Structures are given as structure tokens and as C-alpha cells.
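The structure appears right after this line, and notes come after that.
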Amino acid sequence: MSRLTVAFGLALLVVVATVCIALVAATSDGTNRWTTIVLIVVVGVTFVVSGLTALARRRENLARSSVTDVAVALQGGAPVREALADMLRDPSLEVLYRLDPRRGLGGAGWVDREGHDVPEPEADEARALKLVELGGEPVAAILYDVTLEDEPELVDAVTATAALAFHNERLQAELRAEIRLAGVLADTTPGLLSNVDTEGRIIKLNLATLMASGYSSDEEVRGKHFWDVFIDPEERDEMIARFRAAAPGFPPGEYENAFTNARGERRVIYWRSAPVLDQHGRVVSIVAGGLDVTDRKAREHEAELRRGFLDAITVAMPSFLIAVDPNGIVMEDGVNPAFTEAFGWSSADMGGRSFLDLVASEYQYVDRMTIANAANGVVQAERESSWLPREGAPRVVAWSARPVLDPQGRNIVLVAGSDVTVRRRREEETRASEERFRAVVDSSPVAIVELGLDDTVKLWNPAAERIFGWAAEDVIGGEAPMVPPDRLGEFETLVDRVRTGSSVEGFETVRVRRDGTPIAVSVSTAPVHDARGEVISHMAVFSDISDRKRQEEELRASRARLVEAADDARRKLERNLHDGAQQRLVALSVSLRLAESKLGDDPATSASILAGAREELTHALEDLRELARGIHPAVLTDRGLGAAVDALVARSPLPVEADIEPVPLPPAVEAAAYYVVAEALTNVVKYAQASSAVVRIARENGMLAVTVGDDGIGGADPAGGSGLRGLADRVAALDGSLSVASPQGGGTAVRAEIPLVEEGLA
Amino acid sequence: MARVLIVDDHPSFRASARAVLEADGFEVVGEAEDGESALDAVRTLSPDVILLDVQLPDANGFDLCALMCANPSRLPSIVLVSSRDAADYDGLIDTSPAKGFISKADLTGDAVRALLA
Numbered sequence: 002m003s004r005l006t007v008a009f010g011l012a013l014l015v016v017v018a019t020v021c022i023a024l025v026a027a028t029s030d031g032t033n034r035w036t037t038i039v040l041i042v043v044v045g046v047t048f049v050v051s052g053l054t055a056l057a058r059r060r061e062n063l064a065r066s067s068v069t070d071v072a073v074a075l076q077g078g079a080p081v082r083e084a085l086a087d088m089l090r091d092p093s094l095e096v097l098y099r100l101d102p103r104r105g106l107g108g109a110g111w112v113d114r115e116g117h118d119v120p121e122p123e124a125d126e127a128r129a130l131k132l133v134e135l136g137g138e139p140v141a142a143i144l145y146d147v148t149l150e151d152e153p154e155l156v157d158a159v160t161a162t163a164a165l166a167f168h169n170e171r172l173q174a175e176l177r178a179e180i181r182l183a184g185v186l187a188d189t190t191p192g193l194l195s196n197v198d199t200e201g202r203i204i205k206l207n208l209a210t211l212m213a214s215g216y217s218s219d220e221e222v223r224g225k226h227f228w229d230v231f232i233d234p235e236e237r238d239e240m241i242a243r244f245r246a247a248a249p250g251f252p253p254g255e256y257e258n259a260f261t262n263a264r265g266e267r268r269v270i271y272w273r274s275a276p277v278l279d280q281h282g283r284v285v286s287i288v289a290g291g292l293d294v295t296d297r298k299a300r301e302h303e304a305e306l307r308r309g310f311l312d313a314i315t316v317a318m319p320s321f322l323i324a325v326d327p328n329g330i331v332m333e334d335g336v337n338p339a340f341t342e343a344f345g346w347s348s349a350d351m352g353g354r355s356f357l358d359l360v361a362s363e364y365q366y367v368d369r370m371t372i373a374n375a376a377n378g379v380v381q382a383e384r385e386s387s388w389l390p391r392e393g394a395p396r397v398v399a400w401s402a403r404p405v406l407d408p409q410g411r412n413i414v415l416v417a418g419s420d421v422t423v424r425r426r427r428e429e430e431t432r433a434s435e436e437r438f439r440a441v442v443d444s445s446p447v448a449i450v451e452l453g454l455d456d457t458v459k460l461w462n463p464a465a466e467r468i469f470g471w472a473a474e475d476v477i478g479g480e481a482p483m484v485p486p487d488r489l490g491e492f493e494t495l496v497d498r499v500r501t502g503s504s505v506e507g508f509e510t511v512r513v514r515r516d517g518t519p520i521a522v523s524v525s526t527a528p529v530h531d532a533r534g535e536v537i538s539h540m541a542v543f544s545d546i547s548d549r550k551r552q553e554e555e556l557r558a559s560r561a562r563l564v565e566a567a568d569d570a571r572r573k574l575e576r577n578l579h580d581g582a583q584q585r586l587v588a589l590s591v592s593l594r595l596a597e598s599k600l601g602d603d604p605a606t607s608a609s610i611l612a613g614a615r616e617e618l619t620h621a622l623e624d625l626r627e628l629a630r631g632i633h634p635a636v637l638t639d640r641g642l643g644a645a646v647d648a649l650v651a652r653s654p655l656p657v658e659a660d661i662e663p664v665p666l667p668p669a670v671e672a673a674a675y676y677v678v679a680e681a682l683t684n685v686v687k688y689a690q691a692s693s694a695v696v697r698i699a700r701e702n703g704m705l706a707v708t709v710g711d712d713g714i715g716g717a718d719p720a721g722g723s724g725l726r727g728l729a730d731r732v733a734a735l736d737g738s739l740s741v742a743s744p745q746g747g748g749t750a751v752r753a754e755i756p757l758v759e760e761g762l763a
Numbered sequence: 002m003a004r005v006l007i008v009d010d011h012p013s014f015r016a017s018a019r020a021v022l023e024a025d026g027f028e029v030v031g032e033a034e035d036g037e038s039a040l041d042a043v044r045t046l047s048p049d050v051i052l053l054d055v056q057l058p059d060a061n062g063f064d065l066c067a068l069m070c071a072n073p074s075r076l077p078s079i080v081l082v083s084s085r086d087a088a089d090y091d092g093l094i095d096t097s098p099a100k101g102f103i104s105k106a107d108l109t110g111d112a113v114r115a116l117l118a
């Protein structure tokens, strides 16, 4: 309602009220006054009602005429906005469409008539807003001049009439929005999209297709035959024939082609095509969608090369490769040639069999676990087990299992192994050899010491500990401690010789023990070479030759004593001959010469001299016999040990008991035994103050045992007296031994043991 | 008559030598059995001739000979004797101040006289 109408109404009401009050005031009596008032009210009400009714009718008429005009205009094909603008006399009127949120494609926003997105419309000072609804949903919004607010009925009536038209226009707006979206999508997708007519001419293509073509703008390609753009010259004829063969239905199809584009780039495109039909089912164009697979093809090619490379490795590598499924079943074609060559099982033999069939039973449990763990994605550490070839002895294989994907993308386990049988055996042999070496070194009675090039001790065996007194842990890693300072020069010379590769054998020198005492040793050294023949250390073997040295010394002394004894004996013999028989013979010679000179003149004196000479000769003979007995008793030579000892016993001034086992003896043993008895009995007589003696000669344990005992005072010193020492030497020369037991007051026993080494004697 | 001292450790030889030399006209004035007693006898008996054994228990005849000849006032004539051969002494006899050497087996008064002449 307009402000003019309201002002007019109010003015009229004031006039009527003034008249009514005047009439009421003019009426003097009460009854007439009430009649006047009622009359005025009735007239007023009647007037107001008739006025309002006329107003409503007028508006209805107005609305009806506008609706009719709008309907007529719309029927005539005019756009809703123009029709509404005319009816409402507002050329600035704007219509916006709300997209159907259920359709999704265009979203749920607002668009203008061209389908462009706009913000949600709002009323402002200049323009009012009217939402147009159909079936309870907004389909459009009308923005119109605020002056039209005075006639809301008009606006309502007109827009209500246009609602159906708005719905139609909204659908068109939605279609426009979708088309626009499709255009954007087509130009932003990395996929190729093109549209060609039934003659094969390019109508439209998206940005990706344009880029693939190598051209820079739509104009350059639009209207060209697609085969001139996307097919290499040599394949064009075939493509044209195929395209024409597909007419007129142009059924959906696929095609992959490689071509060189306008920029000279090699592209590979995978195309799919489908026809676009009009409402009558006729093909109006063909849409082809494509994927540029150039890069993928390149990757596939690369992958193929890599697979080829891996296949070559698999075939050529000396390690065994077995592909098994997670249950341990060998895959088809699942073993490599190296495996077949080593084990005699081909791919055909192994395919479908359990890997565990290959494994010796004692390894199967752990190997099963290994495969299972690998199948679960855990890379397994290398292990060793015994694998059974088709023929021959089991082989020791070091292998590992790791999870991999096969070309089909399945989880499998790759078992990779190598034959370590020989290596293991060699290791075993090496270990055994080292064990033997260690055993030899440890049990060796000689000291074995290894010295590195830096002169530090690397090996020090138990014999070295025993001989030198240092424990291995005290010396290993340090310098050799047993070289005395005054032998360092000699030691260096020795080491230098060995380092140049020479060996030294049986070098006799002196080393020191831990307690500082010197020890005579024999050293043999040899260099230790590495695999390249370089000297890396040297071994020195030390024998303790103290005992040998002492024995040598004793032997030398014994020999000297024997020589001396022999010299003494010869000197004594010479003296005895000289002093005894020789003097007698000299005297005899002088006497005979004297007797001879007296023979003629003085026969009596001569006879007397001759008688003296005869007596002298008898003495000389006795002397010679005694002498001969001292050199070697004739009875021993003629009648053996028993008779000789009997003779000694018979000559002894003491009672002697003799117990002599008759044993056939070599002359040297017999003589030694005889002299032991003779010397011992002489000593008994000279020193023992004994009342009797006993002589025993018997064979005991391969030895001849000679014992001479007495019941005398004892206390004899075995080392004293050249007689006993001479006897000991004589016995030692026959590898025998002489012992003297002579406790004070307990008698003396001399015992000689002489080995009976000659065959048949022992 | 030459006065002779016999020095020898063997009594049987001393007896034989005395018999032979006395039979051959020598006067045997004494006997000694070793070096020490021989030196005493030389001092007390002053013999003209000493029959001296080369091999005595306490001395050898060559040393003893040199000792006896060290006294220049009286030089006895010394004749060395031995049961050995002269060759056994290898030139010692020639350098000795003794008159000469007689093997005991060859001892006669003539042999001694021949050396003293």
C-alpha cells in the first residue's frame, strides 16, 4: 500500500469523525443522540466495507491482466527476465538460478543466465529480493528495484506465473553450467579428448590432445583429418581404411599407435573411441579419448630390459636360485641352470615339489621355519644345510631366503645358495691340521717358539714353559726373554738368516731360564711363509742339551781316564819289565860273561857264578809270569770266568764264598767282571777289615750282575781311589754301571751291571 | 887302580857290576841306590869313576851327572849305564859331561877303560 493512499485515508477519517461529532453535539435529547450515533456507525461501516471491496477487486483485475500478459509473452517464446521486466516496468531486474543440489554435476550454487557461478544473492538498499519456488524448492531469485515494494501483489502474481518458466530456465542454466564444467574438465584432464566428424576431420580437441599433437593452437588443427595429425605417413592409408570401414555406426573401439608429432617427438597414444548420436540415433561425431603412454611404454621397455638382464644373470650366475611359494613348493621354472647342473634336478623335476624334499632330513625342520619366516617378510640370515643331489653324496650349501614379488605380483621366497662342500671340507681339514699341529706343538718335548718379524713371541709351547720357566701368557706379544744379553748379537744374526729364508739346524748355544740360570740348548729355526711366499715369522725349536752336554763331558772324562789308565798300565808294565825281568836278565848277562871269562882259569868260581845265574834266571821267569798275569790272566783266557774267579778266591787270604752262574760271555764282559772281582777283593783285603767276603755272578734281566760284598767296616768312598773309578769306566764302556754301597760299619757291596746285548746271550 | 862308585837301584845289577869290575882290576869303593845317597857317597868316598844308572828312583842320571860335575875342584869320570840302548836317549848322552855310556848287558872292565882313556 502506498504512502499517498494511507495519507488520503487518514484525512478522510478525520473529516468523517468531525462531521459525526458535530452531528452528535447538535442533537439535544438523549434518545436522538444515540440514534444519530448508531446511524453514523452504520453509514461509516458500510462505506468502509464497500471501499475495501472495490480496492481488492481493482487489484485482482490488475494482477490478472499482468499474469495474462506474462503468460502471453512467455507463450510467445520471450525469455522470462524480459517478460518480467516488461510487466514490472523494471529494466534493471535480474534473474539468478539456483542449481539443483541433487544433480550434483553443477553443484548447489547460484549461476547467472549464462551459467557462470555467482555468489548467493542478497537484497540491498537499491534492490529487493524475491525467491521463486516450485514444489517447495527455490528455483530462482529475482532482484528488482525497491520501488516495486509498493506493489507486492504485482510482484507475487507475476513471479508466480513465471515459476514454471523459471524451472525450465534453471534446467537450461544447469545444462550450461555442466557444459562449462565439462569444458574445464576436458582442458584440465591429462587424458586426451578429441571430437572428429564422420569424415574424420577434427572438430575439437582438448589441451592434452593439442600438446600431444605438437601444434600450439586449436586453429592449426581444427578441420584437419585426425590421421594427418596423429598417424605417421606410412600408416595413414591403413588408418583411413579402418575409419571408413567403421562407418556409419562407428562402434566403440581401441587403438594404440606410435607417431612422431609436429614437434618431432615420438609419442605413443592409446585411444578409445565412441560415436556421438543425435536424438534420432544418427552418428553426428566420434569422440576419441586417449592416454599418452609414451612414458609408460618407455618404462615397460626399461622393465623388460631389466627383466632380460635379470634373466641373464639368473641363468649365468654360479649360485643356485630356487623360487618357492610360501609353502615351500618350488615354482614352475623355479630353479636356475646352476642348480640343475650341480644337483641334476631340472626345473621340470623340481616344479611342484617341496623344497624340503631336497634337504637332508635332519635339516628339514629349521629349513621349513626359514622358508616360512621369509614368506612372512623376514629376510633370513644365511644358514647351511645338506642338500641331496639326484646322484652322489649330499652337498653342503650355504643359503639364504628372502621374500620377493614375482612378475605377477605374488609373494614368493627366493632361495639363493652356493655349494660350500669343498670349502667346508678344506676348513675342516685346515682345522684338523691345525689341531694336529697344536697337538704336536703342545706335546712336543722340545721347546717350540714362534717369533714374528718384530721379534715378538707369537707361540710358546708347554715345553718352552717347562724348559725356560716363563708361562705362555707372560711372553706372548713381548720380546723373546730367554736370550742372554751377551748372546744378542748372535741372536740377531740367526734371525737375519732365517728372515732371508734360510733354515738353521742344530745350532748349539746358551739361553737363560726365568731364574737366570743358563741352559745349553740346540736351536733349529725355519722361516714361516705366507701364501705369497713372504716370510711372516719364524719357528725356533729348542732342545735342552744340558744332559747331553754333561754326558758328553762325562764320556770325554771317562775316555780320558781310560786312556790314562791304559797309559798307566803300559808305564807300569814297562817299569815292571825294566825293574824286574830286564834287570835280572841284564845281571844274568853280566854274570854269564863273567863266568865265561873265569871258565878256563877258575872253573870253581865259574861254576858258582853259573849256579847264581841259573837262580837269577828262575827269578826272571817268575817275574815275567807275574807280569803276564797282570796284563791278562791266563786262566781267564784258557778256562773262563768261573775258573779265573776261583783262582782269585783261592789266592785270597780271606775266606770267600763264590756263587758263579755259568754264563757264556763275550770276552770284554768276562774281563770286566773278572777285574771287578779282582779289584773288589783286593780292596776288601786292603781296607775293609773284613772276616769274609762273598762273590756272586749271575744273569739278571738281560744284564750280568757282579756283586762282591764283605762284612767289614764300610765307609768306602766310591769316588775316591783310581781303582774303583777305573772299574767304573771299564763297566761304562760296556754301557753298564757300577755302584758301591758302603754304610759306616755295615760292610761294603760293590755291584756291577753289564748289559748282555749280543744275540743269544740275554 | 881306579876307585869306582856304583850307583844303581837294582841290587842284582850292583852285585854283578861289582863282580865284573873287580874281576877286571877295578877297586869298587862303594854303592848307592839313589841320587841322594850317590851325592853323599861322592862327597865322602871321592871315587875316580862313577858308574851311574840313568834311571834312578829319585833322579835321572843326566841331571845327577851335571850336578856332580858342577864342583870344579874335583871332577870324577862318570860313565852312564842303563839297561836301555844308547839310542833311547836321543843325543842326551853326547851333550852330557859324562865320559860315555855303556849298556848294562855290555858292561866289562875293558868297556869302562875304553871310555876313560
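Residue numbers (this note's numbering), protein chains in the order written: chain A, 2 to 763; chain B, 2 to 118. Positions of the beta carbon are idealized from the N, C-alpha and C atoms, including for glycine. For clarity, every value in this text was computed on a predicted model and none was experimentally measured.
- Message: Considering only the alpha carbon of each residue, which of A:Ile610, A:Asp350, A:Gln365, A:Glu255 lies closest to Ala275 of chain A?
- Response: Closest option to Ala275 of chain A, Cα to Cα, is A:Glu255.
- Message: Cutting at 7 Å between CB atoms, please list the residues of its own chain near Arg498 of chain A, excluding the five before and the five after it.
- Response: Beyond the five residues adjoining it in sequence on each side, Arg498 of chain A comes within less than 7 Å, by CB distance, of Val505 in the same chain, given in chain order.
- Message: For Ser218 of chain A, count the other beta carbons within 10 Å of its own beta carbon; 16 or more makes it buried, fewer makes it exposed. Which is it?
- Response: Its Cβ having fewer than 16 others within 10 Å, Ser218 of chain A is exposed.
- Query: Using the C-alpha atoms, what's the distance from Phe340 of chain A back to Ile323 of chain A?
  - Reply: Near 8 Å, if we compare the C-alpha coordinates of Phe340 of chain A and Ile323 of chain A.
- Item | Bridge partner(s) assigned by DSSP for Trp35 of chain A | Paired residues: none, contrary to the question.
- Neighbourhood of Gly581 of chain A by C-beta distance below 6 Å, restricted to the same chain and skipping five residues each side: Counting only Cβ-Cβ distances below 6 Å, and skipping sequence neighbours, we find Asp624.
- Looking at the C-beta of Lys100 of chain B, does it have a partner C-beta in chain A at a distance below 8 Å? Closer than 8 Å: no.
- Look at the alpha carbon of Ser523 of chain A and the alpha carbon of Leu735 of chain A, and state the distance between them as a whole number of angstroms. Spanning the two alpha carbons is a distance of roughly 28 Å.
- Query: Looking at the structure shown, is Ile540 of chain A part of a helix, part of a strand, or coil, going by DSSP?
  - Reply: In the sequence as displayed, the identity of residue 540 of chain A is Met instead of Ile. If DSSP states are grouped into helix, strand and coil, Met540 of chain A belongs with the strands.
- Message: Mapping the DSSP letters down to three states, classify Asn462 of chain A as helix, strand or coil.
- Response: DSSP places Asn462 of chain A in coil when its eight states are reduced to three.
- Item | Cβ-based burial, His539 of chain A [other Cβ within 10 Å; buried from 16] | Counting the other Cβ atoms within 10 Å of the Cβ of His539 of chain A gives 16 or more, which makes it buried.
- Starting from the Cα of Ile714 of chain A, find the closest Cα among A:Met704, A:Ile698, A:Leu144, A:Ala691 and give me that residue. Closest by alpha carbon: A:Ala691.
- Task: Would you kindly report the start and end of the unbroken beta strand (DSSP E) that includes Pro665 of chain A?
- Result: No beta strand (DSSP E) holds Pro665 of chain A; DSSP gives it neither H nor E.
- Message: Buried or exposed for Ala465 of chain A, going by 16 or more other Cβ atoms inside 10 Å?
- Response: By the neighbour-count rule (16 or more Cβ atoms within 10 Å), Ala465 of chain A is buried.
- Item | Pairwise C-alpha distance: Gly45 of chain A and Asp70 of chain A | Their Cα atoms are separated by approximately 38 Å.
- Quick one: what's His117 of chain A bridged to in DSSP? Within the DSSP bridge table, the entry for His117 of chain A names no partner.
- How many Å lie between Ala729 of chain A and Pro719 of chain A at the Cα? Ala729 of chain A and Pro719 of chain A: Cα-Cα distance of roughly 10 Å.
- Sequence-distant residues of the same chain with beta carbon closer than 6 Å to Ala3 of chain B, five excluded per side: Closer than 6 Å at the Cβ level, and outside the excluded window around Ala3 of chain B, lie Phe27, Asp49, Val50.
- Contact the segment 289-298 of chain A vs the segment 260-272 of chain A: 3+ CB pairs below 8 Å: Touching, per the Cβ criterion.
- Query: If contact means a Cβ-Cβ distance below 9 Å, which residues of the segment 560-582 of chain A contact chain B?
  - Reply: Within the segment 560-582 of chain A, the residues whose Cβ lies closer than 9 Å to some Cβ of chain B are His579, Asp580, listed in chain order.
- Report, in whole angstroms, the separation of the C-beta atoms of Val397 of chain A and Val421 of chain A, which I expect to be a contact under 8 Å. Contact flag correct, Cβ pair sits at about 5 Å.
- Message: Against chain B, with Cβ distances strictly below 8 Å, would Ala588 of chain A count as a contact?
- Response: Interface residue, yes.
- Item | CB of Ser401 of chain A within 8 Å of CB of Ala382 of chain A, strictly | Using a Cβ distance threshold of 8 Å, Ser401 of chain A and Ala382 of chain A count as a contacting pair.
- Message: Helix, strand or coil, according to DSSP, for Ala259 of chain A in the structure here?
- Response: DSSP, reduced to helix, strand and coil, places Ala259 of chain A within a strand of the structure shown.
- Query: Can you tell me where the alpha helix (DSSP H) with Tyr364 of chain A in it begins and where it stops?
  - Reply: Note, Tyr364 of chain A: alpha helix (DSSP H), 362-376.
- Task: Give a yes or no on whether the minimum CB-CB distance between Thr109 of chain B and chain A is below 8 Å.
- Result: Interface residue (Cβ-Cβ distance to chain A less than 8 Å): Thr109 of chain B is classified as such.
- Query: If we cut at 8 Å on Cβ distances, does Val8 of chain B have a partner in chain A?
  - Reply: No, its Cβ sits nowhere closer than 8 Å to a Cβ of chain A.
- Helix, strand or coil at Asn61 of chain B according to DSSP, with G and I counted as helix: Here Asn61 of chain B sits in strand by DSSP.
- Query: What is the DSSP secondary structure of Thr510 of chain A, counted as helix, strand or coil?
  - Reply: Of the three classes helix, strand and coil, the one that applies to Thr510 of chain A here is strand, per DSSP.
- Task: Leaving out five residues on either side along the sequence, give the residues of the same chain with a beta carbon under 8 Å from the beta carbon of Lys100 of chain B.
- Result: Counting only Cβ-Cβ distances below 8 Å, and skipping sequence neighbours, we find Ser78, Ile79, Val80, Leu116, Leu117.
- Query: Is the Cβ-Cβ distance between Ala648 of chain A and Val636 of chain A less than 8 Å?
  - Reply: Yes, these two residues count as a Cβ contact at 8 Å.
- Query: How many Å lie between Ile103 of chain B and Ala673 of chain A at the Cα?
  - Reply: CA-CA distance, Ile103 of chain B to Ala673 of chain A, rounds to 43 Å.
- Query: So what does Met704 of chain A bridge to, in DSSP terms?
  - Reply: Per DSSP, A:Glu701, A:Pro756.
- Using a beta-carbon distance below 8 Å, is Val21 of chain B in contact with chain A? Yes, its Cβ sits closer than 8 Å to a Cβ of chain A.
- Message: Suppose contacts are defined by Cβ-Cβ distances below 8 Å. Is Ser544 of chain A in contact with Gly418 of chain A by that definition?
- Response: Contact: no.
- Check the Cβ of Thr591 of chain A against every Cβ in chain B and list those closer than 8 Å, keeping chain order. Rather than Thr, the amino acid found at residue 591 of chain A in this sequence is Val. Annotation: Cβ neighbours of Val591 of chain A in chain B (cutoff 8 Å, chain order): Phe14, Ser17, Ala18, Ala20, Val21, Lys105, Ala106, Leu108.
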